[in-house]
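Structure first, commentary second.
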Amino acid sequence: MAITLDEIKWIAHLSRLELKPEELIAASTQLSSILNYINQLQEVNTDNVEPLAHALDVSNVFREDVLKESINVNEALSNAPDRQGNFYGVPAILE
Amino acid sequence: MSTSNSKLTEKTAAELIQIQAKGEANAETITKAFLEAIKAKDPKVKSFLLVNEEAALATARSIDSRRSKGEKLGTLAGVPIAVKDNICTKGITTTCGSKILEHFVPPYDAHVTEKLYQADAVILGKTNLDEFAMGSSTENSAYQTTRNPWNLECIPGGSSGGSAAAVAACEAPISLGSDTGGSIRQPASLCGIVGLKPTYGRVSRYGLVAYASSLDQIGTFSHDVTDTALLLNVIAGKDDRDSTCTANEVPDYTANLEVPLKPFTIGVAREYFAGGLDAEVEKSVREALDVLKSRGATIKEISLPHSTYAIATYYLVATAEASSNLARYDGVHYGHRSKDHSNLIDMYSKSRGEGFGAEVKRRILLGNYSLSSGYIDAYYLKALKVRRLIRDDFDKAFADCDVIAGPTAPTCAFKAGEKSSDPLSMYLSDIYTISCNLAGIPGISIPCGFNSKNLPIGLQLLGAPFSEEKLLRIARTYEKETPWHLKRAQIS
Numbered sequence: 005m006a007i008t009l010d011e012i013k014w015i016a017h018l019s020r021l022e023l024k025p026e027e028l029i030a031a032s033t034q035l036s037s038i039l040n041y042i043n044q045l046q047e048v049n050t051d052n053v054e055p056l057a058h059a060l061d062v063s064n065v066f067r068e069d070v071l072k073e074s075i076n077v078n079e080a081l082s083n084a085p086d087r088q089g090n091f092y093g094v095p096a097i098l099e
Numbered sequence: 037m038s039t040s041n042s043k044l045t046e047k048t049a050a051e052l053i054q055i056q057a058k059g060e061a062n063a064e065t066i067t068k069a070f071l072e073a074i075k076a077k078d079p080k081v082k083s084f085l086l087v088n089e090e091a092a093l094a095t096a097r098s099i100d101s102r103r104s105k106g107e108k109l110g111t112l113a114g115v116p117i118a119v120k121d122n123i124c125t126k127g128i129t130t131t132c133g134s135k136i137l138e139h140f141v142p143p144y145d146a147h148v149t150e151k152l153y154q155a156d157a158v159i160l161g162k163t164n165l166d167e168f169a170m171g172s173s174t175e176n177s178a179y180q181t182t183r184n185p186w187n188l189e190c191i192p193g194g195s196s197g198g199s200a201a202a203v204a205a206c207e208a209p210i211s212l213g214s215d216t217g218g219s220i221r222q223p224a225s226l227c228g229i230v231g232l233k234p235t236y237g238r239v240s241r242y243g244l245v246a247y248a249s250s251l252d253q254i255g256t257f258s259h260d261v262t263d264t265a266l267l268l269n270v271i272a273g274k275d276d277r278d279s280t281c282t283a284n285e286v287p288d289y290t291a292n293l294e295v296p297l298k299p300f301t302i303g304v305a306r307e308y309f310a311g312g313l314d315a316e317v318e319k320s321v322r323e324a325l326d327v328l329k330s331r332g333a334t335i336k337e338i339s340l341p342h343s344t345y346a347i348a349t350y351y352l353v354a355t356a357e358a359s360s361n362l363a364r365y366d367g368v369h370y371g372h373r374s375k376d377h378s379n380l381i382d383m384y385s386k387s388r389g390e391g392f393g394a395e396v397k398r399r400i401l402l403g404n405y406s407l408s409s410g411y412i413d414a415y416y417l418k419a420l421k422v423r424r425l426i427r428d429d430f431d432k433a434f435a436d437c438d439v440i441a442g443p444t445a446p447t448c449a450f451k452a453g454e455k456s457s458d459p460l461s462m463y464l465s466d467i468y469t470i471s472c473n474l475a476g477i478p479g480i481s482i483p484c485g486f487n488s489k490n491l492p493i494g495l496q497l498l499g500a501p502f503s504e505e506k507l508l509r510i511a512r513t514y515e516k517e518t519p520w521h522l523k524r525a526q527i528s
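Quick note, the sequences are listed as chains A and B, same order.
For what it's worth, our numbering labels the leading residue of the first sequence as 5, then goes sequentially.
For what it's worth, our numbering labels the leading residue of the second sequence as 37, then goes sequentially.
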């Protein structure tokens, strides 16, 4: 099961990962080999088997809708690459 | 009689608590001894990414002062501990072994970090790991490769290699790690120490940097099972900040530890003794089963038929979850932001491209591929169905046995560089540990011998969900009859 270079480029775009040309080629080879190994799952009969996303038998874990103190602004912004006042500076989103 | 420094660093946490109670050494002396050990050995072992010397000594002195005033102290008072660097420590850099978080200083403590402070443990520093916990050797760390204290040319295992090596090298008596596919048990096995992954939901993941949210669990490293129980008592339990953390009561894991379980049945899965298992490892593990038989165990052959599919299942489930969890590293709020970008999307792509290492990128790509339109049914959803079959195998097995026993890893520690160029061969070293995370059950690795090159071998015991009490008692039953937990690696 080979992943083509075009497929890798598309997945890298979806992943928001800029990869160098040699990284793209390496990824396509390595992932093809890994997917080849993973394809053995197709041998398993999973008719009428429900997917198991979560090991614990819990559902709807809620808390009371009560106002609580949250992290303060300075702590929240303490690792900001570009702090502007009480905001995170980012490149313009809208033209 | 004063206890010399080198003797102090070979002690277990339980012994260090006794030593302080008897007035043979105080917290400051103990902390200094371990800090000295780190200075002497870590240039070779490279367990630590950060040593917290000033804060550790300040904590130790404060404990001594409070003790002298007769104040009540926590259950780990004065015991030094090392913490894996994917667990948040407020005010202390937490890198996850990645360049993308090189300067990240968490503004909050993880739940387990808070518990350690409450127990008056002394946090020595943060330990090395494979980047974002993805790996089995620490060779994927962006900073350094940790070495195995039993043979410095070999790796300690991973991803919690730093935490395992720190204990094995006597740089800390106990440490915390995290386990998503075997990242505590495999390094424990390769380093000759005890490593426990609790049941999923037993320990809060609040403050554990997420890799795969349905698989991750924080766990313990120690020289022996008594310390495992002591440390599990501290970190286990309800936390409202983690909705996957159970409200189940935490028993006192030390209470019945010395009481042997009679009778008990050990399941031995034929699939765990098939091809790829090193002959010396198999011999040690079978000898361990004989020891348990002599202590009253009935051995029953069982089958876990879907275990051959565990690695394939894991590398779809874990990478899919990781691709979501690692989407947050975009250069906006924290972490590395690329300097030259032309727009917002470009900023994301360049920051992530520059900040992440090769293995992390590989897993993000694989995860997104398996979730993408056209592939999700054949890959991700298929894997979730096989996951249920794997869990069903364990449910059936535990109806007939108390624990499942087998080797933790197929080989002993390998040399640095030996597997790093072939990702798939690295993945296969998790073959016995990986199903446990998929099923959410607890697992422990305990030392059971050495091979002809003096490299440690580990016995893995798996239990039903929330059966840690039983698991630890059986582990302790074995440990009491054998010398392995008393051995200490000597580093020249």
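Think of the CB as a built atom: it goes at the ideal place given N, C-alpha and C, for glycine as much as any other residue.
These numbers were taken from a predicted model, which means no experiment stands behind them.
- Only those residues of the segment 140-162 of chain B whose C-beta falls short of 9 angstroms from the nearest C-beta of chain A are listed: Phe140, Val141, Pro142, Pro143, Tyr144.
- Within chain A, the residues whose beta carbon sits less than 7 angstroms from that of Pro459/B are Gln34, Ile38, listed in sequence order.
- CA-to-CA, the gap between Ile128/B and Ile381/B works out to about 30 angstroms.
- The shortest C-alpha to C-alpha distance from Arg331/B to any of Tyr236/B, Tyr514/B, Thr45/B, Phe257/B is the one to Tyr514/B.
- Within the model, the alpha-carbon separation for Leu474/B versus Val158/B is close to 33 angstroms.
- Spanning the alpha carbons of Lys72/A and Ser196/B requires a straight line of approximately 35 angstroms.
- From the listed residues Val295/B, Gln253/B, Lys80/B, the smallest Cα separation to Glu189/B is found for Lys80/B.
- Membership of Gln253/B in the beta strand (DSSP E) is indicated by the continuous run 253-258.
- The C-beta separation of Gly479/B from Leu460/B comes to about 23 angstroms, leaving the pair out of contact by the 8 angstroms criterion.
- Between the beta-carbon of Tyr351/B and that of Arg388/B there is about 21 angstroms, and that puts the pair past the 8 angstroms contact cut.
- Annotated as proximal: Ile123/B and Thr149/B, with beta-carbon spacing under 8 angstroms.
- Gln496/B is bridged by DSSP to Gly442/B, Ser481/B.
- Distances from the alpha-carbon of Pro55/A to those of Tyr179/B, Asp428/B, Lys43/B, Asn361/B put Asp428/B closest.
- Between Val261/B and Ala511/B, the beta carbon gap of about 5 angstroms places them in contact (Cβ cut-off 8 angstroms).
- When the beta-carbon positions are compared, Ser211/B and Gly193/B stay at least 8 angstroms from each other.
- Note on Asp466/B: 16 or more other CB atoms within 10 angstroms of its CB, so buried under the neighbour-count rule.
- Ile381/B belongs to the set of residues whose beta carbon lies under 8 angstroms from a beta carbon in chain A.
- Straight-line measurement puts the Cα of Leu21/A at about 10 angstroms from the Cα of Leu28/A.
- For Gln44/A, the number of other beta carbons within 10 angstroms of its own is below 16, and it is reported as exposed.
- Secondary structure at Asn184/B: strand, using DSSP grouped into helix, strand and coil.
- Within chain B, the residues whose beta carbon sits less than 7 angstroms from that of Ile97/A are Leu380, listed in sequence order.
- The three-state secondary structure of Phe450/B, taken from DSSP, is coil.
- In the DSSP secondary-structure assignment, Asp376/B is not bridged to any residue.
- The secondary-structure analysis by DSSP pairs Tyr351/B with nothing; it has no beta-bridge partner.
- DSSP places Cys190/B within a strand segment (E or B) once states are collapsed to three.
- For Leu56/A, the three-state secondary structure derived from DSSP is coil.
- By the Cβ rule, the segment 219-227 of chain B counts as touching the segment 488-506 of chain B, because three or more pairs are nearer than 8 angstroms.
- Residue range 470-475 is occupied by the alpha helix (DSSP H) that includes Ser471/B.
- A Cβ of chain B is located within less than 8 angstroms of the beta carbon of Val62/A.
- The continuous alpha helix (DSSP H) containing Gly197/B extends over residues 197-204.
- In summary, the residues of the segment 406-422 of chain B whose CB is separated from some CB of chain A by less than 8 angstroms are Ser408, Ala414, Tyr415, Leu417, Lys418, Ala419, Leu420, Lys421, Val422, in the order they occur in the chain.
- Taking 8 angstroms as the cut-off, the Cβ atoms of Gly403/B and His372/B do not count as close.
- Counted as a single uninterrupted DSSP element, the stretch harbouring Leu160/B is not any alpha helix (DSSP H) but the beta strand (DSSP E) occupying residues 158-163.
- Across the segment 249-265 of chain B, CB contacts with chain A closer than 7 angstroms involve Ser250, in sequence order along the chain.
- Look at the beta carbons and you see the segment 173-183 of chain B not touching the segment 307-327 of chain B: under three pairs across the two are nearer than 8 angstroms.
- Contact annotation: in the segment 418-450 of chain B, residues whose CB is within less than 8 angstroms of a CB in chain A are Lys418, Ala419, Leu420, Lys421, Val422, Arg423, Arg424, Leu425, Arg427.
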